[in-house]
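Chemist: Numbering (my numbering), first residue to last: 65 to 189.
Glycine residues also receive a C-beta, built at the ideal position from the N, C-alpha and C atoms.
Since the structure is predicted, the reported quantities are computational estimates derived from the model, not experimental observations.
The structure under discussion is supplied below as structure tokens; questions concerning it will follow.
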Amino acid sequence: VGTYATDAKTVVGTDPDITVLIAETLGLKLDLVPVAWADWPLGLASGKYDAVISNVTVTEERKEKFDFSTYRQDVLGFYVKADSKITSIKEPKDVAGLKVITGAGTNQEKILLEWDRENVAAGLK
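Below, the structure written as structure tokens:
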């Protein structure tokens, strides 16, 4: 996962660090290109990018279009303020009535939308 340094130009984080190591190991010239989440699939499919090294969850749908080489275990989690009364989120009913944010088009959004449908069907808000 990456973000920008205080100069608002330099990309930093674990994913950029891993990318640098891969390029160095393979003797490749690295051109690290920050891309909006929604743009990576088309950019990769069209050949604009050679690889995407980012927080991309392997899904059956994505495996139909792309080859994956995983480099970390994908463990999803929720973050709350330290003084929050929320102590555990494990199933759909645990998020009923909560305001939860996530990235658009992500696997996490897909899961939360499904949980919301289940909650509505169960009469939970």
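Taking the Cβ atom as the reference point for each residue, do residue 77 and residue 89 lie within a distance shorter than 8 Å?
Modeler: Residue mapping note: residue 77 aligns to position 13 of the sequence shown, counting from 1. Residue mapping note: residue 89 aligns to position 25 of the sequence shown, counting from 1. No, the Cβ-Cβ distance between residue 77 and residue 89 is not below 8 Å.
Chemist: Output needed for residue 153: all residues of its chain with C-beta closer than 7 Å, excluding positions within five of it in sequence on either side, in chain order.
Modeler: Within the sequence shown, residue 153 is the residue found at index 89, counting from 1. Taken in chain order, the residues that qualify are 142, 159.
Chemist: By Cβ distance below 7 Å, which residues in the same chain neighbour residue 97 in space, the five residues on each side in sequence not counted?
Modeler: For the purposes of this step, residue 97 is taken as the residue at position 33 of the sequence shown. Result list for residue 97: 113, in chain order.
Chemist: Would residue 103 be called buried (16 or more neighbouring beta carbons within 10 Å of its own) or exposed?
Modeler: To locate residue 103, count along the sequence shown from 1; it is residue 39. When all chains shown are included, residue 103 counts as exposed.
Chemist: Beta carbon of residue 164, beta carbon of residue 177: below 8 Å?
Modeler: For the purposes of this step, residue 164 is identified with residue 100 of the sequence shown, where counting begins at 1. For the purposes of this step, residue 177 is identified with residue 113 of the sequence shown, where counting begins at 1. Not closer than 8 Å, so no.
Chemist: Go ahead and label residue 83 buried or exposed: buried means 16 or more other beta carbons lie within 10 angstroms of its beta carbon, across all protein chains shown.
Modeler: Within the sequence shown, residue 83 is the residue found at index 19, counting from 1. With 16 or more other Cβ atoms within 10 Å, it is buried.
Chemist: Hey, how far is the Cα of residue 132 from the Cα of residue 119?
Modeler: Here the question's residue 132 lines up with position 68 in the sequence shown. Here the question's residue 119 lines up with position 55 in the sequence shown. Answer to the nearest angstrom: the Cα atoms are 12 Å apart.
Chemist: Quick check on residue 134: does DSSP put it in helix, strand or coil?
Modeler: As a position in the sequence shown, residue 134 is number 70, starting the count at 1. In the three-state DSSP reduction, residue 134 falls in the coil class, being neither helix nor strand.
Chemist: Can you tell me where the alpha helix (DSSP H) holding residue 187 begins and where it ends?
Modeler: Locating residue 187 in the sequence shown gives position 123, counting from the first residue. Unbroken run through residue 187: none, as it is neither H nor E.
Chemist: How far does the alpha helix (DSSP H) with residue 78 in it reach, from first residue to last?
Modeler: Here residue 78 corresponds to residue number 14 of the sequence shown, with the count starting at 1. It spans 78 to 90 - the alpha helix (DSSP H) in which residue 78 sits, taken as one unbroken run.
Chemist: For residue 181 and residue 72, what's the separation of their Cα atoms in angstroms?
Modeler: Position 117 of the sequence shown, counted from the first residue, corresponds to residue 181. Position 8 of the sequence shown, counted from the first residue, corresponds to residue 72. Each residue's alpha carbon lies about 38 Å from the other.
Chemist: Does any residue of chain D bring its CB to less than 8 Å from the CB of residue 96?
Modeler: Here chain D cannot be found, since the structure has a single protein chain.
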